[in-house]
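Just below is one structure, and these are the notes that go with it.
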Amino acid sequence: LENRYNLCPLDRIDYCKSAEGAEHEFLVFYFRHWSSSSAEAVVCADRTVQPRQNHGSTQSSEIFSPSSLETNARDYVYLLGSPRSAASYLKDRFPDYNTLCTLQFLESRPSALQVSIVLSLVHRQAPSYHLYENQCYWFSLTSWTSLAKLFTGNQESCHNHNARCRYRGIELGVSEESVQAVVAAYELEWQNVSEILQHELLRR
């Protein structure tokens with residue numbers, strides 16, 4: 156049996172941004188089901204920060220002083236189910252978010268497995284969270300741009316392109332070097348994963 160995650164093609168990605176607070180940015184992926192092209196599964200991916208241990212208080216904060224700008228990042232991928240279930244979850248977690256852009260894959264559609272490899276490569280570029288450089292803005296844009304470059308034949312439509320990677324108008328997290336590194340590392344990583352899967356299939 157072939158890996159089912161390799162049979163689920165990505166239809167589109169939404170680039171989303173919260174309108175309040177830290178103006179958190181995240182990606183929402185829409186995959187087609189392996190057995191039915193009309194069924195969709197929705198996945199959300201984003202970067203947050205791992206709370207530091209604070210023995211003097213039970214409260215934690217995502218606001219850091221200049222002496223503690225860098226800590227461990229938490230890059231999450233959530234399987235949200237159907238588009239209806241996803242819409243309900245996203246509205247509860249991000250009550251006032253907007254979809255800034257949509258990337259539609261028309262020809263070369265990555266599978267769920269290939270998307271997971273790209274997200275893993277993005278994480279490896281910066282496993283630490285940095286308030287000014289490698290935060291949710293960096294994670295979302297690097298993942299988005301890397302997938303767009305690796306799987307061509309896509310179409311981007313935007314409602315507010317210039318709002319991406321900006322906190323109160325200040326640009327943060329843009330790194331062409333990170334995108335180039337992910338794109339350069341992808342082919343070898345995909346070959347390695349494919350060989351591992353093939354070896355597992357032969358063992359069955």
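Following my numbering, the numbering of the sequence shown begins with 156 at its first residue and continues without gaps. We treat Cβ as the ideally placed atom computed from N, Cα and C, and that holds for glycine.
- In the three-state reduction of the DSSP assignment, residue 343 falls in the helix class, which pools H, G and I.
- Restricted to the stretch 260 to 342, the alpha helix (DSSP H) segments that are unbroken, complete and at least 4 residues in length are 267 to 280, 291 to 305, listed in chain order.
- In this chain, residue 248 is not harboured by any beta strand (DSSP E); it is covered by the alpha helix (DSSP H) spanning 238 to 248.
- DSSP places residue 201 inside the beta strand (DSSP E), whose first and last residues are 195 to 204.
- Below 8 Å, too few C-beta pairs join the stretch 225 to 243 and the stretch 315 to 326 to call them touching: fewer than three.
- Within the stretch 166 to 197, the beta strand (DSSP E) runs of at least 3 residues that lie entirely inside it are, in chain order, 180 to 187.
- Using a Cβ distance threshold of 8 Å, residue 319 and residue 296 count as a contacting pair.
- Taken through DSSP and simplified to helix, strand or coil, residue 258 comes out as strand.
- One thing to note: residue 255 has its Cβ within 8 Å of the Cβ of residue 316.
- Around residue 303, the same chain offers 258, 309, 311 as residues with beta carbons nearer than 8 Å, after the five sequence neighbours per side are excluded.
- Residue 161 carries a helical assignment under DSSP once its states are collapsed to helix, strand and coil.
- Closest in alpha carbon position to residue 166, among 158, 189, 173, is 189.
- Residue pairing by DSSP places residue 359 opposite no residue, since no beta bridge is assigned to it.
- Between the C-alpha atoms of residue 269 and residue 345 there is a straight-line separation of about 7 Å.
- For the pair residue 291 and residue 235, the CB atoms are not nearer than the 8 Å cut-off.
- Taking C-beta atoms as the reference points, residue 170 and residue 267 fail to come closer than 8 Å.
- Distances from the alpha-carbon of residue 275 to those of 341, 163, 349, 195 put 341 closest.
- Under DSSP, residue 232 shares a beta bridge with 200.
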